[in-house]
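A.B. asks: Residue numbers (the numbering used here): 1 to 276.
Glycine included, every Cβ here is placed at the ideal spot set by N, Cα and C.
In this text the structure is predicted, and so the values were computed from the model without any measurement.
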Ligand code: 13P
Ligand code: ZN
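1) Along the chain, which unbroken stretches of the alpha helix (DSSP H) at least 4 residues long are found entirely within the stretch 33–104?
2) Starting from residue 146 and walking both ways along the beta strand (DSSP E), at which residues does that stretch end?
3) If you reduce the DSSP assignment to three classes, tell me which class residue 15 lands in.
4) Are there 16 or more other CB atoms within 10 angstroms of the CB of residue 60, so buried, or fewer, so exposed?
5) Between the alpha carbons of residue 126 and residue 34, how many angstroms are there, rounded?
6) Going by DSSP, what residues sit across from residue 111 in a beta bridge?
7) Shorter than 8 Å, the distance from the beta carbon of residue 145 to the closest heavy atom of the ligand ZN, or not?
8) What does DSSP give as the partner residue(s) for residue 219 in the beta ladder?
9) Residue 270 lies in the beta strand (DSSP E); which residues open and close that run?
10) Are the CB atoms of residue 184 and residue 210 within a distance shorter than 9 Å?
11) On a CA-only basis, which of 13, 30 and 275 is nearest residue 181? Give me that one, please.
12) DSSP state of residue 183, grouped into three classes?
13) Assuming contact is defined by CB atoms lying nearer than 9 Å, are residue 18 and residue 87 in contact in what I supplied?
14) Report, in whole angstroms, the separation of the C-beta atoms of residue 93 and residue 117, which I expect to be a contact under 8 Å.
15) Confirm, please, whether the CB-CB distance from residue 169 to residue 268 is below 9 Å.
16) Check whether the Cβ of residue 257 sits closer than 8 Å to any heavy atom of the ligand ZN, and report yes or no.
17) Quick check on this structure: which residue in 239, 152 and 229 has the alpha carbon closest to the alpha carbon of residue 12?
18) For residue 138, which of helix, strand or coil comes out of DSSP?
19) Residue 285: which of 70, 245 and 74 sits nearest, CA to CA?
20) Tell me residue 119's beta-bridge partners as DSSP assigns them.
21) Using C-beta distances below 8 Å, list every residue in its chain close to residue 40, excluding the 5 sequence neighbours before and after it, in chain order.
In structure tokens, the structure reads:
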């Protein structure tokens, strides 16, 4: 059997977490990632009959969302309280491979969390987001949450209106409208780690691949780690330019007309009603 530490998915996951840390998106234990694994990826490097531990899905909180669509599915996921800084150096402590059990209330730990750890406290939000994304895009495999600096900064000085937020980001870099033409969902400040924020995020995820948690961070979803990382990276770059320019006299802008030309050139579907 292949060593999981040599598997492509684990290596990519660790490098992604490391890049996120280096970009300043994941201070301390900030942020979390979950990757839906393919059955053959799991079987190649793990004995699926060997359960190391059974982990209650929510610990102290009752499970009050329906995880049925994910029963039997395996996820590689970051641990709660674990630092992204340490993922690359010690993956088997900071990450785990878990499988959703038949009862829908607990997880089989197949690998990792070697110091007794458990999945991120945002596991409900991740699972609900996976379900929502899979319902509109069967290829979706990644949910990623982090605290990118400029995106957060922008939450303090920009209205939390979804259309205004997306359009102001689109105006900051020519290719933004091509990278996330579907816009960006925005939630008001809410208590993290709860089923409520999970449900609200998943509701937005039916419409958007990106959801801002005001004054907290961002969620992204995509078919692989690179795509999801790239979405957040593009938003963060645009937010940085916004923060560098918003309070200065403005002489130039990217017009709606220019964005329409980009959308036509790249053949992407822009959110209805966003470009005049
Ligand atoms: P965890 O350490 O539980 O993953 O939480 C980090 C975080 O960013 C919460 O929103
Ligand atoms: Zn967070």
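C.D. replies: With the structure as the only source:
1) Segments of the alpha helix (DSSP H) lying fully in the stretch 33–104: 39–45 and 91–94.
2) Run containing residue 146: 142–146, per the beta strand (DSSP E) assignment.
3) In this structure, residue 15 counts as helix in the three-state DSSP scheme.
4) Note that residue 60 has pLDDT 41, beneath the 50 cutoff, so the model's placement of it is unreliable and the number below is only indicative. The residue is exposed, with fewer than 16 neighbouring Cβ atoms inside 10 Å.
5) Linking residue 126 to residue 34 through their CA atoms gives a straight-line distance of about 7 Å.
6) DSSP, once it has assigned bridges, lists 97 as partnering residue 111.
7) For the ligand ZN, at least one heavy atom lies less than 8 Å from the Cβ of residue 145.
8) According to the DSSP secondary-structure assignment, residue 219 is paired through a beta bridge with 145 and 211.
9) It is not in any beta strand (DSSP E) - residue 270 carries neither H nor E in the DSSP assignment.
10) Residue 184 sits close to residue 210, with the two beta carbons spaced by under 9 Å.
11) With distances taken between Cα atoms, residue 181 lies closest to 275.
12) Coil at residue 183, not helix or strand.
13) Yes, these two residues count as a Cβ contact at 9 Å.
14) With 8 Å as the limit, residue 93 and residue 117 qualify as a contact, their Cβ atoms being about 7 Å apart.
15) Not a contact, by the Cβ cut-off of 9 Å.
16) Not one heavy atom of the ligand ZN is found less than 8 Å from the C-beta of residue 257.
17) For the residues 239, 152 and 229, the minimum Cα distance to residue 12 belongs to 229.
18) Residue state for residue 138 is assigned as coil, using DSSP reduced to three classes.
19) Outside the shown range of the chain (1 to 276) lies residue 285, about which nothing can therefore be said.
20) Residue 119 pairs with 79.
21) For residue 40, where only same-chain residues beyond five positions count, there are no Cβ hits under 8 Å.
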